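Residue numbers (our numbering): 1419 to 1635.
And the structure:
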(Lines of atoms letter the chains of each structure in order from A and count residues from 1; the text may use other names and numbers.)
(Lines give C-alpha, C1' and ligand atoms only; values in the text may rest on other atoms or scores of the structure.)
Protein backbone atom coordinates (compact mmCIF):
# COMPACT_ATOMS: atom_id res chain seq x y z
CA UNK A 1 0.00 0.00 0.00
CA UNK A 2 1.35 3.40 -0.98
CA UNK A 3 1.53 6.51 1.17
CA UNK A 4 0.61 4.87 4.47
CA UNK A 5 1.74 7.91 6.54
CA UNK A 6 -0.68 10.16 4.64
CA UNK A 7 -3.54 7.74 5.26
CA UNK A 8 -2.73 7.53 8.97
CA UNK A 9 -2.49 11.32 9.15
CA UNK A 10 -5.95 11.64 7.59
CA UNK A 11 -7.45 9.04 9.92
CA UNK A 12 -6.13 10.76 13.04
CA UNK A 13 -7.32 14.13 11.77
CA UNK A 14 -10.81 12.80 11.01
CA UNK A 15 -11.22 11.00 14.33
CA UNK A 16 -13.21 12.86 16.99
CA UNK A 17 -11.30 11.15 19.80
CA UNK A 18 -7.82 9.68 20.27
CA UNK A 19 -7.43 6.94 17.65
CA UNK A 20 -5.99 3.65 18.96
CA UNK A 21 -3.30 1.86 16.96
CA UNK A 22 -5.55 -1.20 16.76
CA UNK A 23 -8.25 0.87 15.07
CA UNK A 24 -5.77 2.26 12.55
CA UNK A 25 -4.62 -1.27 11.75
CA UNK A 26 -8.23 -2.39 11.35
CA UNK A 27 -8.86 0.35 8.80
CA UNK A 28 -5.59 -0.41 6.99
CA UNK A 29 -6.65 -4.02 6.52
CA UNK A 30 -3.89 -6.09 5.00
CA UNK A 31 -1.05 -3.86 6.20
CA UNK A 32 1.21 -5.42 8.83
CA UNK A 33 0.91 -3.86 12.29
CA UNK A 34 4.67 -3.36 12.46
CA UNK A 35 4.58 -1.42 9.20
CA UNK A 36 1.71 0.72 10.47
CA UNK A 37 3.54 1.49 13.73
CA UNK A 38 6.71 2.34 11.85
CA UNK A 39 4.82 4.72 9.56
CA UNK A 40 3.11 6.31 12.56
CA UNK A 41 6.42 6.81 14.37
CA UNK A 42 7.90 8.47 11.28
CA UNK A 43 4.86 10.72 10.96
CA UNK A 44 5.15 11.80 14.60
CA UNK A 45 8.88 12.44 14.15
CA UNK A 46 8.22 14.51 11.01
CA UNK A 47 5.91 16.85 12.90
CA UNK A 48 8.45 17.19 15.70
CA UNK A 49 11.31 17.85 13.29
CA UNK A 50 9.61 20.72 11.52
CA UNK A 51 8.36 22.24 14.78
CA UNK A 52 4.85 22.62 13.42
CA UNK A 53 2.16 24.37 15.41
CA UNK A 54 0.53 20.98 15.89
CA UNK A 55 1.85 17.57 16.80
CA UNK A 56 0.59 14.02 17.08
CA UNK A 57 0.53 12.79 20.65
CA UNK A 58 -0.40 9.53 22.30
CA UNK A 59 -3.11 10.21 24.86
CA UNK A 60 -5.95 8.23 26.45
CA UNK A 61 -4.99 5.04 24.64
CA UNK A 62 -4.84 6.56 21.17
CA UNK A 63 -3.25 9.18 18.93
CA UNK A 64 -4.54 12.71 18.43
CA UNK A 65 -3.52 16.02 16.91
CA UNK A 66 -2.71 18.63 19.56
CA UNK A 67 -1.45 22.19 19.42
CA UNK A 68 1.83 22.88 21.15
CA UNK A 69 1.35 24.15 24.73
CA UNK A 70 3.56 27.20 24.13
CA UNK A 71 1.00 28.43 21.60
CA UNK A 72 -1.93 28.34 24.04
CA UNK A 73 -1.90 32.12 24.54
CA UNK A 74 -2.52 32.75 20.84
CA UNK A 75 -5.33 30.23 20.73
CA UNK A 76 -7.00 31.89 23.69
CA UNK A 77 -6.73 35.24 21.91
CA UNK A 78 -8.37 33.75 18.84
CA UNK A 79 -11.27 32.26 20.76
CA UNK A 80 -11.79 35.34 22.89
CA UNK A 81 -13.77 33.37 25.48
CA UNK A 82 -13.41 33.32 29.21
CA UNK A 83 -12.09 29.91 30.25
CA UNK A 84 -13.96 27.77 32.71
CA UNK A 85 -12.30 26.44 35.80
CA UNK A 86 -12.50 23.82 38.49
CA UNK A 87 -13.12 25.10 41.99
CA UNK A 88 -10.63 24.07 44.68
CA UNK A 89 -13.29 21.71 46.09
CA UNK A 90 -13.88 20.07 42.70
CA UNK A 91 -10.15 19.85 42.02
CA UNK A 92 -9.45 18.21 45.35
CA UNK A 93 -12.34 15.79 44.85
CA UNK A 94 -11.10 14.91 41.36
CA UNK A 95 -7.61 14.26 42.70
CA UNK A 96 -8.96 11.92 45.37
CA UNK A 97 -11.01 9.99 42.81
CA UNK A 98 -8.05 9.80 40.43
CA UNK A 99 -5.68 8.38 43.03
CA UNK A 100 -8.06 6.20 45.03
CA UNK A 101 -10.50 4.88 42.42
CA UNK A 102 -12.66 2.89 42.56
CA UNK A 103 -14.07 4.94 45.43
CA UNK A 104 -17.46 5.78 46.94
CA UNK A 105 -18.77 9.15 48.11
CA UNK A 106 -18.40 8.36 51.82
CA UNK A 107 -14.73 7.52 51.36
CA UNK A 108 -14.11 10.81 49.55
CA UNK A 109 -15.87 12.69 52.34
CA UNK A 110 -13.74 10.91 54.93
CA UNK A 111 -10.63 12.32 53.27
CA UNK A 112 -12.03 15.80 52.62
CA UNK A 113 -14.03 16.11 55.82
CA UNK A 114 -16.96 17.80 54.06
CA UNK A 115 -19.92 16.90 51.85
CA UNK A 116 -18.86 16.33 48.23
CA UNK A 117 -22.26 16.11 46.54
CA UNK A 118 -21.82 19.35 44.59
CA UNK A 119 -18.24 18.67 43.41
CA UNK A 120 -19.18 15.15 42.30
CA UNK A 121 -22.19 16.47 40.39
CA UNK A 122 -20.03 19.04 38.60
CA UNK A 123 -17.33 16.51 37.72
CA UNK A 124 -19.95 14.12 36.36
CA UNK A 125 -21.42 16.91 34.23
CA UNK A 126 -17.96 17.71 32.85
CA UNK A 127 -17.52 13.99 32.20
CA UNK A 128 -14.25 13.91 34.12
CA UNK A 129 -15.54 11.13 36.39
CA UNK A 130 -18.03 8.32 35.80
CA UNK A 131 -20.22 5.93 37.75
CA UNK A 132 -18.58 2.50 37.69
CA UNK A 133 -21.30 0.61 39.52
CA UNK A 134 -22.40 0.03 43.09
CA UNK A 135 -20.39 -1.33 45.99
CA UNK A 136 -21.50 -4.55 47.62
CA UNK A 137 -22.11 -2.89 50.97
CA UNK A 138 -25.09 -1.60 52.99
CA UNK A 139 -26.95 0.98 50.94
CA UNK A 140 -25.21 -0.10 47.73
CA UNK A 141 -23.22 3.17 47.42
CA UNK A 142 -22.23 4.39 43.97
CA UNK A 143 -18.63 3.75 42.92
CA UNK A 144 -16.78 6.54 41.09
CA UNK A 145 -13.77 6.53 38.79
CA UNK A 146 -12.17 8.79 36.20
CA UNK A 147 -13.05 8.75 32.51
CA UNK A 148 -11.23 8.59 29.20
CA UNK A 149 -11.97 12.29 28.87
CA UNK A 150 -10.03 12.85 32.11
CA UNK A 151 -6.99 11.32 30.43
CA UNK A 152 -7.54 13.43 27.30
CA UNK A 153 -7.97 16.72 29.15
CA UNK A 154 -4.93 16.18 31.36
CA UNK A 155 -2.78 14.79 28.54
CA UNK A 156 -2.25 11.37 30.10
CA UNK A 157 -1.74 8.13 28.19
CA UNK A 158 -3.11 6.10 31.08
CA UNK A 159 -3.67 6.37 34.83
CA UNK A 160 -0.18 5.10 35.58
CA UNK A 161 1.10 8.37 34.10
CA UNK A 162 -0.32 10.28 37.06
CA UNK A 163 2.48 11.93 39.05
CA UNK A 164 3.44 10.16 42.26
CA UNK A 165 2.86 11.86 45.58
CA UNK A 166 6.61 12.40 45.90
CA UNK A 167 6.63 14.25 42.59
CA UNK A 168 3.65 16.32 43.65
CA UNK A 169 5.27 17.47 46.86
CA UNK A 170 8.26 18.72 44.87
CA UNK A 171 6.03 21.03 42.85
CA UNK A 172 5.45 24.38 44.52
CA UNK A 173 4.06 26.53 41.75
CA UNK A 174 0.29 26.70 41.52
CA UNK A 175 -1.78 28.04 38.64
CA UNK A 176 -4.99 29.96 39.30
CA UNK A 177 -7.43 27.92 37.17
CA UNK A 178 -7.84 24.98 34.81
CA UNK A 179 -9.00 26.04 31.34
CA UNK A 180 -11.49 23.23 30.90
CA UNK A 181 -13.85 24.94 28.48
CA UNK A 182 -10.96 26.05 26.31
CA UNK A 183 -9.47 22.57 26.34
CA UNK A 184 -12.75 20.98 25.33
CA UNK A 185 -13.78 23.31 22.49
CA UNK A 186 -11.56 21.87 19.76
CA UNK A 187 -8.59 19.65 19.14
CA UNK A 188 -6.28 22.63 18.91
CA UNK A 189 -7.06 23.75 22.42
CA UNK A 190 -6.97 20.40 24.15
CA UNK A 191 -3.24 20.76 24.65
CA UNK A 192 -3.68 23.86 26.84
CA UNK A 193 -4.20 21.73 29.94
CA UNK A 194 -1.12 19.55 30.23
CA UNK A 195 0.01 17.03 32.78
CA UNK A 196 2.24 19.77 34.16
CA UNK A 197 -0.70 22.05 34.87
CA UNK A 198 -2.53 19.14 36.52
CA UNK A 199 0.47 18.50 38.76
CA UNK A 200 0.78 22.17 39.67
CA UNK A 201 -2.88 22.39 40.58
CA UNK A 202 -3.41 19.27 42.62
CA UNK A 203 -0.05 19.44 44.38
CA UNK A 204 -1.63 22.13 46.55
CA UNK A 205 -5.01 20.45 46.91
CA UNK A 206 -4.51 16.76 47.69
CA UNK A 207 -4.83 16.09 51.44
CA UNK A 208 -1.86 14.58 53.23
CA UNK A 209 -3.97 11.51 54.03
CA UNK A 210 -3.46 10.27 50.46
CA UNK A 211 -0.30 8.18 50.51
CA UNK A 212 2.08 7.60 47.63
CA UNK A 213 1.00 3.98 47.50
CA UNK A 214 -2.48 5.07 46.40
CA UNK A 215 -1.10 5.95 42.98
CA UNK A 216 -0.58 2.26 42.37
CA UNK A 217 -4.18 1.33 43.11
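By construction, the Cβ of each residue, glycine as well, lies at the ideal position given by its N, Cα and C atoms. Bear in mind that the values here come from a model prediction, so they are computed numbers and not experimental data.
Are residue i and residue j touching if we call contact CB-CB under 8 Å?
{"i": "residue 1562", "j": "residue 1538", "result": "yes"}
{"i": "residue 1482", "j": "residue 1437", "result": "yes"}
{"i": "residue 1480", "j": "residue 1535", "result": "no"}
{"i": "residue 1507", "j": "residue 1580", "result": "no"}
{"i": "residue 1639", "j": "residue 1525", "result": "Beyond the ends of the chain as shown, which are 1419 and 1635, falls residue 1639; an answer cannot be given."}
{"i": "residue 1453", "j": "residue 1422", "result": "yes"}
{"i": "residue 1522", "j": "residue 1544", "result": "no"}
{"i": "residue 1473", "j": "residue 1484", "result": "yes"}
{"i": "residue 1575", "j": "residue 1476", "result": "yes"}
Could you compute how far the alpha carbon of residue i sits from the alpha carbon of residue j?
{"i": "residue 1432", "j": "residue 1519", "result": "32 Å"}
{"i": "residue 1511", "j": "residue 1420", "result": "49 Å"}
{"i": "residue 1465", "j": "residue 1489", "result": "15 Å"}
{"i": "residue 1530", "j": "residue 1548", "result": "19 Å"}
{"i": "residue 1449", "j": "residue 1426", "result": "12 Å"}
{"i": "residue 1496", "j": "residue 1478", "result": "27 Å"}
{"i": "residue 1609", "j": "residue 1572", "result": "Any reading at residue 1609 must be qualified, since the residue scores a pLDDT of 42, below 50, and its modelled position is unreliable; the value itself is stated next. About 8 Å."}
{"i": "residue 1557", "j": "residue 1568", "result": "28 Å"}
{"i": "residue 1492", "j": "residue 1555", "result": "51 Å"}
{"i": "residue 1559", "j": "residue 1457", "result": "47 Å"}
Pull the bridge partners of residue i from the DSSP assignment, please.
{"i": "residue 1465", "result": "None; residue 1465 has no bridge partner."}
{"i": "residue 1521", "result": "1562"}
{"i": "residue 1446", "result": "Answer is none; residue 1446 lacks a bridge partner."}
{"i": "residue 1437", "result": "1481"}
{"i": "residue 1526", "result": "In DSSP, residue 1526 forms no bridge with anything."}
Can you tell me where the beta strand (DSSP E) holding residue i begins and where it ends?
{"i": "residue 1557", "result": "Neither: residue 1557 is in no beta strand (DSSP E) and is coded neither H nor E."}
{"i": "residue 1476", "result": "1472-1477"}
Could you spell out the range, first to last residue, of the alpha helix (DSSP H) harbouring residue i?
{"i": "residue 1480", "result": "Note, residue 1480: premise wrong, no alpha helix (DSSP H); beta strand (DSSP E) at 1480-1485."}
{"i": "residue 1535", "result": "1535-1543"}
{"i": "residue 1423", "result": "1422-1432"}
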